[in-house]
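**Q** Residue numbering for the sequence shown follows UniProt numbering, starting at 1 and increasing by one per position.
The beta-carbon is built from N, C-alpha and C at its ideal position, and this holds for glycine as well.
Fair warning: this is a prediction, and the values are worked out from it, not measured in the lab.
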Amino acid sequence: MTTGQLPFPLIVMEGPPRQRGITYGAACRDRIRATIDFYRFIFRAEGGLDWPRALDAAAGFAKPIESYDPDIMEEIRGIAQGARVDLNEILAINTRSELLFLLTSGAAPPKPCCTSIATIPWPETGGSMLMAQNWDWYRKTMDNCVLLLIRQPPRPTVFQLVEAGLIAKMGMNSEGIGLCTNALLTDGWRVGVPYHAVLRGILNARRAVDAIGAVTQTRRASAGNYLIGHGDWFAVDVEASPGHLNILYPEKGLLTHTNHFLAPNPANADLMPARWPDTIVRGARAGQLCAERDQGDDMIWIKRTLKDHFDHPASICTHPCGLVDPDAEWQTNASMIMAPDRRMMYLSQGPPCENDYHRIDVGALFDR
């Protein structure tokens with residue numbers, strides 16, 4: 001465990017929405033352009049898509065984002081302005097999964113990523129509710145990541161890890177809301193409010209009910225899993241597709257999720273297990289390992305789970321396996337553990353089996 005260091009650069013955003021975006025865009029200009037260049041490559045390599053076509057399609061998501069939350073769209077405009085790139089390029093990287101699926105009629109779906117966990121403490125021992133996630137994605141994107149501290153009164157301050165140019169990913173806010181997330185894949189995707197905008201809507205919430213409503217009360221463009229917690233020993237999992245919602249509750253103080261639906265979805269077919277069956281392996285393994293926890297320290301069991309290599313490379317902690325183009329290699333880019341009640345985060349850059357968790361006093365950042 002390393003204290004007092006940040007594994008990724010920190011960007012502080014404050015002021016009106018446009019100014020927040022400009023600050024972010026200017027501070028991360030090179031990283032944002034690297035993010036854009038990478039997804040231009042991925043769109044071509046995995047979907048056969050020309051970048052101009054992707055940009056034209058991305059423009060269609062501006063109106064749904066604006067309707068969902070005008071401040072989010074204004075931040076996106078600011079990011080483009082600060083980074084000196086086209087607005088549609090920022091929209092494209094924030095709607096990358098939707099674009100790849102829609103423009104290829106499902107032939108180039110997003111890959112599965114992430115294993116998420118929430119533990120409610122044993123009443124006999126007390127302690128903190130913990131939330132955790134391994135973020136598995138293209139290895140080359142790790143170097144483009146940043147930490148964002150977003151001061152946006154009267155809304156909560158947000159602390160999150162993102163690829164440069166994105167408006168949201170996983171993290172927590174100053175009101176004790178924590179968020180972990182997993183990609184899901186179904187049919188029925190459409191132009192609507194994209195996944196990353198929903199993530200930001202959750203982190204903008206002051207109350208758990210508003211965080212859940214950020215998912216349930218919108219016309220969703222795609223599918224996603226949202227593990228939402230609060231420091232007051234609350235956790236719920238929302239499995240969402242364009243036409244359906246499932247709500248999952250902790251069992252014996254435990255929630256785990258990967259990239260397939262755990263409850264029936266009568267409206268949209270779950271396409272992930274047939275395309276990427278590693279989600280089943282990781283899901284079963286996470287549930288098995290975390291269920292072995294006793295009335296001791298949940299942190300020990302969570303770390304053990306996040307470092308697990310059973311069935312590698314289809315494992316919770318995954319590494320490049322040399323089976324694909326080096327530019328499309330896959331790994332655990334970050335591992336995050338959060339204690340929202342104590343406003344603490346433990347974050348590794350790269351696979352947690354090889355890299356220390358950095359202890360981040362998020363509360364101190366919120367209070368500055």
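Would you mind reading off the limits of the alpha helix (DSSP H) that contains residue 300?
**A** From DSSP, the alpha helix (DSSP H) with residue 300 extends over 298-306.
**Q** Quick check: what's the CA-CA separation for residue 90 versus residue 334?
**A** Between residue 90 and residue 334, the C-alpha separation is close to 23 Å.
**Q** Are the beta-carbon atoms of residue 197 and residue 65 separated by less than 8 Å?
**A** Yes, they are a contact pair.
**Q** Have a look at 180, 152, 343 and 199 and flag the residue whose alpha-carbon is nearest the alpha-carbon of residue 255.
**A** Nearest of 180, 152, 343 and 199 to residue 255, Cα basis: 180.
**Q** In the DSSP assignment, find the beta strand (DSSP E) that holds residue 116 and state where it starts and stops.
**A** Counting along the chain, the beta strand (DSSP E) containing residue 116 begins and ends at 115-119.
**Q** What is the DSSP secondary structure of residue 137, reduced to helix, strand or coil?
**A** Strand.
**Q** Between the Cα of residue 100 and the Cα atoms of 142, 130, 125 and 53, which residue gives the shortest distance?
**A** Residue 100 has its Cα closest to that of 53, out of 142, 130, 125 and 53.
**Q** In the DSSP output, which residue or residues are listed as bridge partners for residue 256?
**A** DSSP lists 117 as partners of residue 256.
**Q** Taking the beta strand (DSSP E) that residue 234 falls in, what are its first and last residues?
**A** Unbroken beta strand (DSSP E) run through residue 234: 234-241.
**Q** Note down, one range per segment and in chain order, each beta strand (DSSP E) of at least 3 residues found wholly within the region 170-200.
**A** Whole beta strand (DSSP E) segments, 3+ residues: 170-173 and 177-183.
**Q** Are the region 133-144 and the region 316-323 touching by the rule of at least three beta carbon pairs closer than 8 Å?
**A** Touching, yes, given that three or more Cβ pairs across the two stretches are closer than 8 Å.
**Q** Sort out for me which residues DSSP pairs residue 348 with in a bridge.
**A** Bridge partners of residue 348: 335.
**Q** Could you tell me how far apart the beta carbons of residue 229 and residue 336 are, in whole angstroms, since I believe they sit closer than 8 Å?
**A** Actually they do not touch by this definition, with Cβ atoms about 13 Å apart.
**Q** Looking only at its chain, what residues have a beta carbon closer than 6 Å to the beta carbon of residue 74, apart from the 5 residues adjacent to it on each side?
**A** Correct list, in chain order: 17 and 18.
**Q** Taking just the CA atoms, how far does residue 310 sit from residue 294?
**A** Their backbone Cα atoms lie some 21 Å apart in a straight line.
**Q** If contacts are defined as beta-carbon pairs under 8 Å, then residue 280 and residue 119 qualify, I think. What distance do you get, rounded to the angstrom?
**A** Not quite, the Cβ-Cβ distance comes to about 22 Å (not below 8 Å), so this is no contact.
**Q** If you follow the beta strand (DSSP E) that residue 261 is in, where does it begin and where does it stop?
**A** Looking at the DSSP string, residue 261 is not in any beta strand (DSSP E), and its letter there is neither H nor E.
**Q** Can you check whether the CB of residue 218 is closer than 8 Å to the CB of residue 68?
**A** Yes, these two residues count as a Cβ contact at 8 Å.
**Q** Taking C-alpha atoms, which residue in 139, 159, 260 and 307 lies nearest to residue 184?
**A** The residue with the shortest Cα to Cα distance from residue 184 is 260.
**Q** Measuring CA to CA, which of 141, 313, 187 and 292 is closest to residue 277?
**A** Residue 277 has its Cα closest to that of 313, out of 141, 313, 187 and 292.
**Q** Between residue 147 and residue 8, is the Cβ-Cβ spacing less than 8 Å?
**A** Yes, the Cβ-Cβ distance between residue 147 and residue 8 is below 8 Å.
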